[in-house]
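Data first, discussion second: the structure below is written as structure tokens.
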Amino acid sequence: EADIYQTPRYLVIGTGKKITLECSQTMGHDKMYWYQQDPGMELHLIHYSYGVNSTEKGDLSSESTVSRIRTEHFPLTLESARPSHTSQYLCASRPSGTRTYNEQFFGPGTRLTVL
Amino acid sequence: GNSVTQMEGPVTLSEEAFLTINCTYTATGYPSLFWYVQYPGEGLQLLLKATKADDKGSNKGFEATYRKETTSFHLEKGSVQVSDSAVYFCALSDGAGAQKLVFGQGTRLTINP
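Taken in order, these protein sequences are the chains called E and U.
With our numbering as the guide, the letters of the first sequence map in order to residues 1 to 115.
With our numbering as the guide, the letters of the second sequence map in order to residues 1 to 113.
Dropping the structure here:
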């Protein structure tokens, strides 16, 4: 059973607010990922991390930033939220190693609405 | 680069119907292939996977076979239930670097009683 948590599950905020979406996993996974899921369902990788103190931009440009100070924690921050940031954000993690068959485990997601 | 193409949705079936959701891929090397399912209001869950050519992944009555000659990984189920209503994503992992997953666009499945 995968243990990966995201808070909050739902967030409605006004334009210009700073927000942090939390993601934690208790599996000791080195690799972690953030995806943005648009209303059309497509998933876009926006950030990933190889491990502590490692962060990389994903395939879709995003105004958000991430940090990885502890293995289990991979928060995503928006300094100034805008309506265009309204989306579902999914966090995932993966066991260490180079085996391609290792799956990614996903959290339940945070649905963000910016008014 | 690597890519995954799924059949266009949405798909609507009656309970106990046969299901096929097509998935084809383009990749260099020898990727692993996955089907993930997303139920309403939730994150993605792994449904099944296959790691090499001719492997068959199966779970909960769903099956998919890794066909290297046709670069396909079609999802099938013999008799669907209302509880199978969800969004299904085909994905590949090429194993390079961060082992990123490349997802198809998703197929929304609705099963009517």
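For glycine and all other residues, C-beta sits at the position ideal for the given N, C-alpha and C.
Predicted, not measured: the structure shown is a model, and the values here were computed from it.
Exercise for the section: Tell me whether U/Val82 sits in a helix, a strand or coil according to DSSP, three-state version. Expected result: helix
Exercise for the section: Could you tell me which uninterrupted beta strand (DSSP E) segments, each at least 3 residues in length, are contained entirely in the stretch 43-82 of chain U, listed from first to last along the chain? Expected result: 44-50, 56-59, 62-65 and 75-77
Exercise for the section: Measure from the C-beta of U/Gly61 to each C-beta in chain E and report whether the shortest distance is under 8 Å. Expected result: no
Exercise for the section: For the beta strand (DSSP E) containing E/Ile4, list its first residue and its last residue. Expected result: Ile4 to Thr7
Practice task
Just the C-alpha distance for U/Phe34 and E/Cys23, rounded to the nearest angstrom, thanks.
Solution key: Rounded to whole angstroms, the separation of the alpha carbons of E/Cys23 and U/Phe34 is 23 Å.
Problem - Length of the line joining the Cα atoms of E/Gly28 and U/Ser14 - result: 42 Å
Exercise for the section: Check each residue of the stretch 74-90 of chain U: if its Cβ is closer than 9 Å to any Cβ of chain E, include it; give the result in chain order. Expected result: Within the stretch 74-90 of chain U, the residues whose Cβ lies closer than 9 Å to any Cβ of chain E are, in chain order, Val87 and Phe89.
Exercise for the section: Return the chain-ordered ranges of every alpha helix (DSSP H) run that is complete within the stretch 9-86 of chain E and spans a minimum of 4 residues. Expected result: none
Exercise for the section: Report all residues from its chain with a CB closer than 7 Å to the CB of E/Arg82; omit the five preceding and five following residues, and keep chain order. Expected result: Thr15 and Val114
Exercise for the section: Give the interface partners of E/Gln36 over in chain U, defined as CB-CB distance under 8 Å, in chain order. Expected result: In chain order: nothing, as chain U lies at least about 12 Å away.
Problem - Collapsed DSSP secondary structure at E/Ala92 in the structure displayed - result: Assigned with DSSP and collapsed to three states, E/Ala92 falls in strand.
Problem - C-beta neighbour in chain E for U/Leu48, strict 8 Å - result: no
Exercise for the section: Along the beta strand (DSSP E) that carries U/Phe18, what are the first and last residues, could you check? Expected result: Note, U/Phe18: premise wrong, no beta strand (DSSP E); not H, not E.
Practice task
State the DSSP-derived secondary structure class of E/Asn102, mapped to helix, strand or coil.
Solution key: coil
Problem - Beta-bridge pairing of U/Gln6 - partner residues as DSSP gives them - result: U/Cys23
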